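Below is one structure, written out as structure tokens; comments come after it.
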Amino acid sequence: MGCPHSFKLFTLTYGALVTQLCKDYENDEEVNKQLDKMGYNIGVRLIEDFLARSSVGRCHDFRETADVIAKVAFKMYLGITPSVTNWSPAGDEFSLILESNPLVDFVELPDNHSNLVYSSLLCGVLRGALEMVKSIPYHTAGPMFAKNRDVVF
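With mature numbering (1 follows the signal peptide of the UniProt record, and there is no 0) applied, the sequence shown corresponds to residues -15 to -1, 1 to 138, in that order.
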């Protein structure tokens, strides 16, 4: 996805996918689960591409992992660099703040989808990739939150 046209095609395709899921499932929570599941399956495979294309070695701690996600992975695949913030006191949870989210460039969600977490796919991708490299703390392996500009991990 190196050129701007690929990003645009991806965002348009993603919008069509979410629209179809909204038609196929009864409620937003089910759509959110499906997006997360799809993202997880992508992340499980994408980590190999990421490791092959980047010069990133093994991270020493979760803070370093967060920096690599924000500064290398997001830049490589989505062309953006989110801010890493809101660390938990235990250092096992953080937020990624996306100043611009390419997934929402062409989206207006109707009011009847107020519980739809449009970017759930991103959380699933992160979870899947991190599980493959054993960098995810066990207790955060459950659902993550992605609404508006925040991705809480």
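Where is the CB? At the ideal position from N, CA and C, for every residue including glycine.
It should be emphasised that the depicted structure is a prediction, and the values quoted were computed from it without experimental measurement.
Problem - Opposing strand residues paired with VAL69 [DSSP bridges] - result: BP columns for VAL69 point to LEU81.
Handout entry: Nonlocal neighbours in the same chain, by C-beta distance under 7 Å from SER105, ignoring five residues either side
Key = Taken in chain order, the residues that qualify are ASN17, LEU20, ASP21, GLY24 and ALA131.
Problem - Which of helix, strand or coil DSSP assigns to LYS119 - result: Of the three classes helix, strand and coil, the one that applies to LYS119 here is coil, per DSSP.
Practice task
Identify every run of the alpha helix (DSSP H) within the segment 7 to 72, keeping only runs that are complete inside it and at least 4 residues long; order them along the chain.
Solution key: Whole alpha helix (DSSP H) segments, 4+ residues: 13 to 38, 47 to 53 and 59 to 63.
Exercise for the section: Let me know the secondary structure DSSP gives VAL102 once reduced to three states. Expected result: VAL102 falls in the coil class under three-state DSSP.
Exercise for the section: Measure the alpha-carbon distance for ARG38 versus LYS60 and round it to whole angstroms. Expected result: Rounded to whole angstroms, ARG38 to LYS60 spans 13 Å at the Cα level.
Problem - Closest residue to VAL118 among ILE54, ASP9 and VAL92 (Cα-Cα distance) - result: Per the Cα distances, ILE54.
Practice task
Label GLY76 either buried or exposed according to how many other C-beta atoms from any shown protein chain fall within 10 Å of its C-beta, with 16 as the threshold for buried.
Solution key: Residue burial annotation: GLY76 is exposed, with fewer than 16 other C-beta atoms found within 10 angstroms of its C-beta.
Practice task
Pull up the distance between the alpha-carbon of LEU31 and that of GLU49, whole angstroms please.
Solution key: When rounded, the distance between both Cα atoms is 19 Å.
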